[in-house]
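What follows is a short report on a single structure.
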Amino acid sequence: MKLKDLLARLAAIKTEAKAICDAADSDNAGDITEDQKKVFDALMVEKDEVNANIKRLEQLGDMDASAGRVTEPSAPANPDPGPRATVHDRAEEDPMRGFAHVADFAMAVRAASARPGAEAYGLDPRLNIGADAPTNFHRETGSSDGFMVPPMIVQTVWDMIFDGEGILNAVAPEPTESNQVQISRDESTPWSSTGLQANWASEGVQLSPSRLLTEQSNVQLHKLHAFVTATEELLSDAPRLNNRLTKGAAAVIKWVADDAIVLGDGVGKPLGWQTSGALVTIAKEAAQAADTIVSANVLKMFARLLAIQSRGAFWLAHKSTLPQLAVLTIGNQPVYTQVGTGIQDMPAARLLGMPIVWSEHAQVVGDLNDINLVSPMGYYATTKAGGMKFAQSMHLFFDFDVQAFRWTFRLGGQPYLSAPVTPANGGDTLSHFITLAARA
């Protein structure tokens with residue numbers, strides 16, 4: 001095959017690959033189907049073969065050119081120069097592809113998108129790094145070229161979402177390649193008469209078999225997105241734009257994900273523990289005053305926690321409960337204890353030895369859900385492998401001179417238990433999730 005034919009085929013492969021990306025964004029909101037993935041992977045294999053053939057033809061051309069050159073007989077042979085240092089472009093090894101931050105990348109894309117044929121007027125060369133197969137970013141039009149997002153940009157926001165304290169971080173989602181996960185739930189306890197059993201046996205006596213009692217449950221991964229627009233003024237202010245696209249996007253995504261794990265109704269979002277059948281609600285004390293928390297409340301909550309899976313348990317409480325919790329005592333001993341040297345180290349504290357996480361996902365003092373006792377081991381969460389996806393477009397708001405940015409990822413989740421479990425020796429049921437009834 002001639003060189004011009006190979007170059008033409010290489011351009012066609014790139015066009016076909018972009019068409020698959022455009023179709024995925026149009027039909028599946030950026031998620032590529034299995035059939036599309038197979039075609040895309042085949043194109044990438046063919047691209048490598050075409051590039052290899054082009055290189056061979058170029059090398060052959062170099063040899064033909066060298067054959068026509070004459071070397072002076074009197075020219076002395078070059079002495080062995082010894083070891084030499086070599087220099088090569090390592091831009092593709094840089095996870096930011098040479099960009100300082102996400103705002104720097106966004107403004108480069110904006111400049112390239114400003115008018116048709118911008119590439120001919122000096123396209124930012126950093127946008128061409130890794131541009132052979134743009135699989136995770138393209139502009140919102142089927143005819144436009146795309147620019148690959150530097151991997152560190154997406155990873156930075158992903159890390160911010162899971163950084164530090166937070167409900168999403170506590171439940172530790174597992175990754176999956178699918179948009180739906182089937183889990184096997186075993187709601188039997190070690191002391192129940194059904195399910196997996198352990199029995200004593202005498203020598204030479206047949207062992208007693210037991211059988212796992214599992215129930216299949218489908219966990220759907222739901223799409224969560226942050227859609228951000230930026231005006232001409234904001235685009236020209238790199239620090240503000242960078243903050244809005246990274247910290248701002250991470251904060252709102254983390255907030256919405258955490259809120260769904262607590263309060264989600266399971267429709268288009270994860271099922272939260274507050275709306276699930278696994279929740280245990282502790283009644284208020286007789287004649288208990290409105291908007292108060294007493295020691296008996298938290299002691300009864302602790303008594304209902306499923307002890308065999310309580311590792312990592314914590315209190316999730318609204319900040320308005322602090323004046324009530326800080327003065328709780330049993331006899332002369334405080335129920336609420338400071339971490340550190342006293343009141344100056346507020347608000348880090350423990351209640352009955354377990355840490356308190358102050359959260360706006362809890363309700364104000366006196367309302368249902370103002371204080372919760374949570375064992376994150378009782379919640380199953382899953383995210384789509386590959387983490388976050390990022391897309392940028394100026395076409396949606398072209399007539400307003402506004403650019404749009406979109407972050408998306410998928411999250412699914414639900415409590416492992418469908419209902420509280422019965423203790424071994426009778427008494428009140430137990431669960432991973434305990435809350436206090438309203439005290440109006």
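1 is the number of the first residue of the sequence shown in the UniProt record's numbering; add one for each residue after it.
The C-beta atom is built at its ideal place from N, Cα and C for all residues, glycine as well.
Sorted by chain position, which residues of the same chain lie with C-beta nearer than 8 Å to residue i's C-beta, five sequence neighbours on each side aside?
i    : result
A75  : Here the model assigns A75 a pLDDT of 48, short of 50, so the residue's position is not dependable, and the following value carries that caveat. Excluding residues within five positions, none has a Cβ falling inside 8 Å.
Q414 : S217, V219, G266, P270, L271, S276, Y379 and Y380
A24  : G30, D31, I32, T33 and Q36
S143 : For S143, the pLDDT reaches just 32, beneath the cut-off of 50, and the residue's location in the model is therefore unreliable, leaving the point undetermined.
N179 : D31, Q220, L221, K384 and R410
G268 : H222
Got a sec, what are the start and stop residues for the beta strand (DSSP E) residue i sits in?
i    : result
N332 : Segment: none, N332 is in no beta strand (DSSP E) and carries neither H nor E.
A230 : H222 to A230
A404 : Q403 to P415
K384 : Y379 to K384
D433 : For the sequence presented, residue 433 should be read as Phe rather than Asp. First-last of the beta strand (DSSP E) with F433: F433 to L436.
E203 : Note, E203: premise wrong, no beta strand (DSSP E); not H, not E.
V374 : I371 to V374
I308 : That residue, I308, is in no beta strand (DSSP E); it is neither H nor E in DSSP.
M388 : No beta strand (DSSP E) holds M388; DSSP gives it neither H nor E.
P355 : M354 to W358
E174 : E174 to T176
Below 8 Å on the Cβ atoms is my guess for residue i versus residue j; work out the distance and round it to an integer in Å.
i    : j    : result
R304 : D428 : 6 Å
T229 : A404 : 5 Å
N369 : Q274 : 6 Å
S431 : L279 : 7 Å
V365 : F433 : No, V365 and F433 are not in contact; Cβ-Cβ is about 19 Å, not under 8 Å.
H361 : V262 : 5 Å
Flag this pair as yes or no: are the beta carbons of residue i and residue j separated by less than 9 Å?
i    : j    : result
A419 : P270 : no
K47  : K14  : yes
K389 : L221 : no
A357 : F314 : For clarity, residue 357 is Val in the given sequence; the question names Ala instead. Yes; because the gap between Cβ atoms is below 9 Å, this pair is in contact.
A317 : I371 : yes
P376 : V171 : yes
L6   : L57  : yes
L306 : V421 : yes
T246 : V402 : no
A260 : A440 : no
I20  : F40  : yes
S359 : D258 : yes
K284 : L436 : yes
Which residues in the same chain as residue i place their Cβ atom closer than 7 Å to its Cβ, once the five residues preceding and following it in sequence are excluded?
i    : result
E16  : L43
V335 : S295, V298, L328, T329, L351 and L352
V252 : A226
A201 : L207
V45  : none
L60  : none
P423 : L430
In the DSSP assignment, find the alpha helix (DSSP H) that holds residue i and state where it starts and stops.
i    : result
V256 : A249 to L263
N169 : I167 to V171
V280 : Counting along the chain, V280 falls outside any alpha helix (DSSP H), though it belongs to the beta strand (DSSP E) covering V280 to I282.
A326 : Counting along the chain, A326 falls outside any alpha helix (DSSP H), and DSSP gives it neither H nor E.
V298 : S295 to A303
For residue i, which residues from the same chain have a beta carbon less than 6 Å from its beta carbon, with the 5 sequence-adjacent residues on both sides left out?
i    : result
D367 : A438
V181 : V219 and T382
T337 : R350
K300 : I282
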